[in-house]
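Asker: Line by line, the protein sequences give chains A and B.
Each residue of the first sequence is one higher than the last, beginning at 5 in the numbering used here.
Each residue of the second sequence is one higher than the last, beginning at 443 in the numbering used here.
Glycine residues also receive a C-beta, built at the ideal position from the N, C-alpha and C atoms.
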Amino acid sequence: MDGHMNRRELIRLLSVAGLGTLIASSVRADAPAAVADSPGFMGRLIDPTGGPRAPAGIVGGKVIQPERQLPIMHQTDVLVVGGGTAGVMAAVAAKRAGVNVAIVERYGYFGGLWTGGMVLLVIGTHVKENGEKKKVVCGLGDELLERLTKYDGAIINQKPGAHNPTVDPEATKFMMDEMVREAGVNVFFHCWGADAVMDSKTIRGIVFESKAGRQAILAKVVIDTTGDGDIFAAAGAEYEQRTYAIGTVHRLGNMDRTDKEKAKEAGAKLPPLGAATPLPSVRWVNTRGPKANGLDIAELSRLEMEHRRNIWNQAQQMRKTPGYEGAFLVDTAPQLGVRITRVLQGVYKLTYKESREAKKFPDTVAVGGAEGAQHAGWPIPYGVLVPKEIDNLLTAGRCISADEKLLDDTRLIAACMTTGHAAGAAAAVAVQSNCRPRDIEIPRLQKLLKEQGAYLG
Amino acid sequence: MKAATHEYPLRRRLRFFTRLATLGVVAALALSLVPGSWAPLVVPAASPYVAVFGAIAARAVSAATLIGLPLLILALFFPRWFCRYGCPVGLMAESLARVRPSAGANLSRWPQVGRWLVFLTLGTAIVGYPVLLWLDPLAMLGGFLGAWRGPITAVGVAAALGLPLVAVVSVLFPHAWCGRLCPLGAAQDLLALPLRTWRLRAAPPDASPGERGQGILRRAMLFAGLAGLVAAGLGGLVAAGLRTLRGSSPAPLRPPGAIEEDRFTGVCVRCGNCARACPARIIRPDPGRHGLAGILAPVVSFDDDFCREDCNRCQTVCPSGAIRRLSLEEKRKCVMGLPRVDLSLCLLAKGQECSVCTRACPYDAVAMVPQKDGPGWQPAIDRLKCTGCGACQVACPTSPRKAVEVFAAPEVQSL
């Protein structure tokens with residue numbers, strides 16, 4: 005690519021100098037690659053992506069995928085599957101600790117439900133200890149939030165005395181890109197983690213789907229931050245699966261040019277108008293939605309359309325309300341808000357009761373926050389990230405091992421940040437110690453986490 | 443108590459030490475140096491004044507009532523034996539009387555306030571509202587000592603104030619407390635009257651002092667009976683009046699197992715035991731927000747914590763029966779209040795991610811249900827499961843006002 009860029013820059017330079025036409029035509033003559041980049045041409049012929057195919061066939065009325073060798077696209081120390089909040093934290097933590105890291109993400113941006121799902125409010129950054137507000141989301145998560153404060157319109161409520169900041173999704177996508185790029189993580193967007201590469205009970209990598217077909221990435225440690233536990237399920241780990249409320253977030257614009265009093269006078273009932281965002285005049289509206297199976301594509305498809313329809317109708321209702329004629333629907337979130345599906349049965353299962361009693365653990369790797377910073381922090385042990393049987397596999401984010409009542413805390417962005425950070429650091433320690441993640445020295449992990457700024461109580 | 447000045451020094455010393463020993467035992471119990479959550483209960487409950495009138499008012503004989511029996515029986519046969527050999531408050535009063543011996547108020551001119559108090563209390567207890575139980579010296583001592591136990595709380599300070607008051611009275615008017623004011627002392631005098639009358643009757647009729655004594659006693663009995671009736675009736679009237687005297691503010695939340703609100707403030711002796719026993723520290727004295735009758739009686743506040751489902755300690759330490767003693771299983775079904783959700787404040791109803799109350803409820807009484815007139819969800823409370831323990835209110839993240847608040851049960855029903 006560098007060669008092309010230089011040539012194009014040279015052409016532009018020469019054009020400015022008045023020699024453009026002559027040089028450009030001479031380049032066109034002997035270098036077809038440059039022709040593709042020239043104006044007036046849509047593209048150029050290239051080799052087919054994905055190489056020779058071995059499609060499925062019908063054998064005896066059944067669809068059979070023939071056995072075939074998969075290309076190994078990449079090999080690394082730590083492979084993070086899923087570029088949501090937990091995945092980005094895990095990738096950056098592991099890379100900063102000094103091991104090679106690759107991250108696979110199904111969409112073209114980082115942040116998952118935080119950015120794509122537009123769950124802009126980061127609930128649970130703080131707790132109340134000894135009557136005082138205390139920040140528990142420290143380290144990488146806080147670094148990200150803190151860096152957003154440098155930009156106007158990127159974040160609100162990230163300052164001393166405040167808690168539960170709200171971010172702008174584009175600013176967050178940008179900042180996650182920056183952090184991943186600075187750390188030097190290998191990024192593979194548009195790759196959908198599809199299967200585990202197993203060696204008996206040990207995971208050796210993953211198979212993913214992309215426009216290039218099925219390929220594999222091999223790694224010493226795999227971190228499942230898919231949120232749905234796609235990889236640990238494929239690897240054969242023990243898990244629970246639940247239905248949960250599934251909604252779609254939307255944003256409303258022009259909201260500072262509305263007249264509440266006028267609506268009140270007219271006696272009109274307004275639809276939910278949500279909460280403030282860092283962008284002036286833009287509000288984000290959460291929808292809880294009905295309970296459904298977030299792994300059932302029929303349900304997901306139905307809910308996508310149902311939620312959009314409801315949101316559209318709500319927006320129309322709002323625009324008909326006196327005082328709200330100028331407000332409008334900005335967008336619906338590109339990602340459906342799937343909250344809980346698969347939940348790992350880890351080496352340890354943290355319970356709601358333990359969390360509210362702030363039970364201490366020798367292997368604490370993170371501290372969970374309180375919704376309104378109204379109760380104490382709850383230590384999160386390493387065991388909730390480690391599957392019972394499968395080796396070289398860790399998980400982080402909303403699918404960590406917790407009981408039903410605690411899921412409403414573990415699935416929040418704040419906990420995804422801290423457990424993601426912990427999983428990444430643990431994977432790095434496992435690679436560096438040349439041992440299974442379940443066998444790492446906990447004090448070494450805790451030391452690394454603290455060096456990376458994490459709060460462990 | 444003029445007798446004290448004519449006493450043999452040996453007996454005086456003996457009385458000093460036995461009462462000091464009692465003080466030690468009382469302190470150990472009230473300060474919870476003795477293992478067992480029931481320990482602070484013993485001190486006020488040992489007073490027959492509290493035990494008997496408390497039982498009458500509560501219409502129930504409890505284990506606490508039985509603790510008062512020994513002193514009751516003792517008082518029947520040995521008048522004021524407890525005052526002389528047991529009462530640590532009496533020891534204090536006597537000692538302080540020496541500060542100003544010259545003050546020597548002419549006590550014979552003082553009316554028998556203590557006896558009037560006893561009759562008043564009887565009347566009020568029969569009506570179910572014995573307002574003066576807190577004047578019992580053992581209850582005051584228990585309150586005073588207990589105040590030093592845990593951290594300093596307003597109820598502790600309030601319950602501790604009785605004893606210093608007795609001390610002040612003893613300095614200003616030596617011996618007035620024991621001789622004329624103390625209702626426990628007066629109760630013992632009255633309890634001893636029947637036996638004294640019988641003994642005098644059994645004495646030879648020609649004995650002139652006896653005859654005189656008999657006459658005096660008969661008159662005393664008659665007076666006591668008449669005065670008792672008058673006082674009891676008066677007390678009953680006053681109590682009945684007080685019972686109807688309720689503050690304009692909503693009914694207060696009481697500790698779990700509290701008897702009916704209109705009798706609670708009367709039966710409660712304000713000993714402070716329940717507030718001190720509460721591990722969640724949600725029981726506090728009412729500074730008078732719910733009417734004069736309920737002043738300093740315990741109210742429950744869910745500002746910082748809630749009533750634990752695995753705890754009934756306030757019930758085990760209540761000496762008067764104002765808080766009924768329930769098994770843990772019964773207590774878990776005992777309704778102390780009902781929560782009310784303000785949907786205009788509720789985060790879930792406003793479409794935010796909140797399930798705090800649902801999860802905090804120890805009885806699984808809060809469900810999330812779809813809204814009838816909107817796309818969202820809202821909490822719904824199952825009144826068959828809910829006890830009003832306040833867990834939802836404490837957990838609710840909205841501020842300054844909570845979206846869910848627990849109110850006394852009748853208040854919610856009338857809303």
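If you draw a straight line from the alpha carbon of Arg774 (chain B) to that of Tyr527 (chain B), how long is it in whole angstroms?
Answerer: One C-alpha to the other measures close to 43 Å.
Asker: Could you tell me whether any Cβ in chain B is nearer than 8 Å to the Cβ of Asn290 (chain A)?
Answerer: Closer than 8 Å to some Cβ of chain B, the Cβ of Asn290 (chain A) qualifies, so yes.
Asker: Rounded to the nearest angstrom, what separates Ile210 (chain A) and Thr399 (chain A) at their Cα positions?
Answerer: Roughly 14 Å separates the two Cα atoms.
Asker: If you pair each beta-carbon of the region 716-729 of chain B with each one of the region 739-750 of chain B, do three or more pairs fall below 8 Å?
Answerer: The region 716-729 of chain B vs the region 739-750 of chain B: in contact.
Asker: If you follow the beta strand (DSSP E) that Lys138 (chain A) is part of, which residue opens it and which one closes it?
Answerer: 136-139 is the extent of the beta strand (DSSP E) around Lys138 (chain A).
Asker: Alpha helix (DSSP H) containing Thr89 (chain A): first to last residue?
Answerer: Unbroken alpha helix (DSSP H) run through Thr89 (chain A): 89-100.
Asker: Alpha carbon to alpha carbon, how far is Lys264 (chain A) from Asn715 (chain B)?
Answerer: The straight-line gap from Cα to Cα measures roughly 52 Å.
Asker: Using a Cβ-Cβ cutoff of less than 7 Å, which residues in the same chain neighbour Gly278 (chain A) once the five nearest sequence positions on both sides are dropped?
Answerer: If we look at Gly278 (chain A) and ignore the five residues flanking it on each side, its Cβ neighbours are Leu256, Arg287, Trp288, Val289, Asn290.
Asker: Could you work out which residues of chain B lie near Pro276 (chain A), taking near to mean beta carbons separated by less than 9 Å?
Answerer: Those within 9 Å of Pro276 (chain A) in chain B are Lys792, Gly793, Gly816, Pro817, Gly818.
Asker: Can you tell which of B:Ala764, B:Ala488, B:Leu780 has the C-alpha that lies nearest to the C-alpha of Pro579 (chain B)?
Answerer: Among B:Ala764, B:Ala488, B:Leu780, the Cα nearest to that of Pro579 (chain B) belongs to B:Ala488.
Asker: Let me make sure I understand the geometry here. Which of A:Ala166, A:Thr170, A:Glu147 has the alpha-carbon closest to that of Ala158 (chain A)?
Answerer: Among A:Ala166, A:Thr170, A:Glu147, the Cα nearest to that of Ala158 (chain A) belongs to A:Thr170.
Asker: From Pro294 (chain A) to Leu411 (chain A), what distance separates their C-alpha atoms?
Answerer: Going from the Cα of Pro294 (chain A) to the Cα of Leu411 (chain A) covers about 17 Å.
Asker: Would you mind telling me which residues of chain A sit closer than 8 Å to Cys796 (chain B), beta carbon to beta carbon, in chain order?
Answerer: Under the 8 Å cutoff, chain A gives Glu375.
Asker: Assign Val467 (chain B) to one of three DSSP states: helix, strand, or coil.
Answerer: Residue state, collapsed to three classes: helix.
Asker: Between the alpha carbons of Thr639 (chain B) and Phe519 (chain B), how many angstroms are there, rounded?
Answerer: The straight-line gap from Cα to Cα measures roughly 12 Å.
Asker: Compute the minimum distance between the beta carbon of Tyr352 (chain A) and the heavy atoms of the ligand MG, and state whether it is under 7 Å.
Answerer: No copy of the ligand MG appears in this structure; indeed no ligand is present at all.
Asker: Taking 8 Å as the cut-off, decide whether the C-beta atoms of Met778 (chain B) and Val808 (chain B) are in contact.
Answerer: Result no, Cβ atoms of Met778 (chain B) and Val808 (chain B) do not sit closer than 8 Å.
Asker: To the nearest whole angstrom, what separates the beta carbons of Tyr386 (chain A) and Ala432 (chain A), a pair I think is in contact under 8 Å?
Answerer: Contact flag wrong, Cβ pair sits at about 14 Å.
Asker: Our contact map puts Leu475 (chain B) next to Pro530 (chain B) with C-beta atoms below 8 Å; I'd like the distance itself, whole angstroms only.
Answerer: 16 Å between Cβ atoms; not a contact.
Asker: Of all the options B:Gly675, B:Arg705, B:Cys776, which has the alpha carbon lying nearest to the alpha carbon of Pro698 (chain B)?
Answerer: Checking every option, the nearest Cα to that of Pro698 (chain B) belongs to B:Cys776.
Asker: Is the shortest distance between the beta-carbon of Asp412 (chain A) and the beta-carbons of chain B less than 8 Å?
Answerer: Asp412 (chain A) counts as touching chain B.
Asker: Please check if any C-beta of chain B sits within less than 8 Å of the C-beta of Tyr248 (chain A).
Answerer: Chain B, which has no Cβ nearer than 8 Å to the Cβ of Tyr248 (chain A), makes this no.
Asker: Write down the C-beta distance between Ala241 (chain A) and Glu136 (chain A) rounded to the nearest angstrom, noting that I regard them as a contact closer than 8 Å.
Answerer: Ala241 (chain A) to Glu136 (chain A), Cβ: 40 Å. No contact.
Asker: For Leu222 (chain A), which residues does DSSP report across the bridge?
Answerer: DSSP output for Leu222 (chain A) lists A:Gln79, A:Gly209 as bridge partner(s).
Asker: Pull up the distance between the alpha-carbon of Cys624 (chain B) and that of Ala850 (chain B), whole angstroms please.
Answerer: Those two C-alpha atoms are separated by around 36 Å.
Asker: Residues in its own chain within less than 6 Å of Glu244 (chain A) by CB, not counting five upstream and five downstream?
Answerer: Around Glu244 (chain A): Val347.
Asker: Identify the contact partners of Pro839 (chain B) in chain A, using a Cβ-Cβ distance below 7 Å as the criterion.
Answerer: Correct list: Glu375, Gly376, Gln378.
Asker: Is there contact between the region 186-205 of chain A and the region 48-67 of chain A, where contact requires at least three CB pairs shorter than 8 Å?
Answerer: Because the criterion of three Cβ pairs below 8 Å is not met, the region 186-205 of chain A and the region 48-67 of chain A do not touch.
Asker: Within its chain, find whatever has a CB closer than 7 Å to the CB of Phe524 (chain B); leave out the 5 residues flanking it on each side and keep chain order.
Answerer: So the qualifying residues of the chain are Leu513, Leu516, Ala517, Gln630.
Asker: Tell me, please, which residues DSSP counts as bridged to Pro391 (chain A).
Answerer: Answer is A:Gly350.
Asker: Taking the alpha-carbon positions, what's the Glu186 (chain A) to Leu152 (chain A) distance?
Answerer: Spanning the two alpha carbons is a distance of roughly 16 Å.
Asker: What does Arg801 (chain B) reach in chain A if we use C-beta pairs closer than 7 Å?
Answerer: What Arg801 (chain B) touches in chain A: Tyr356, Lys409, Asp412.
Asker: Closer than 7 Å, Cβ to any Cβ of chain B: which residues of the region 96-130 of chain A, in chain order?
Answerer: Correct list: Ile127.
Asker: Looking at Ala362 (chain A): is its Cβ nearer than 8 Å to the Cβ of Pro383 (chain A)?
Answerer: Closer than 8 Å, so yes.
Asker: Round the Cβ separation of Gly88 (chain A) and Gly115 (chain A) to the nearest angstrom and send it over; I've been treating them as touching at under 8 Å.
Answerer: Yes, Gly88 (chain A) and Gly115 (chain A) are in contact; Cβ-Cβ is about 6 Å, under 8 Å.
Asker: Between which two residues does the beta strand (DSSP E) harbouring Asp412 (chain A) extend?
Answerer: Segment 411-414 is the alpha helix (DSSP H) holding Asp412 (chain A); no beta strand (DSSP E) there.
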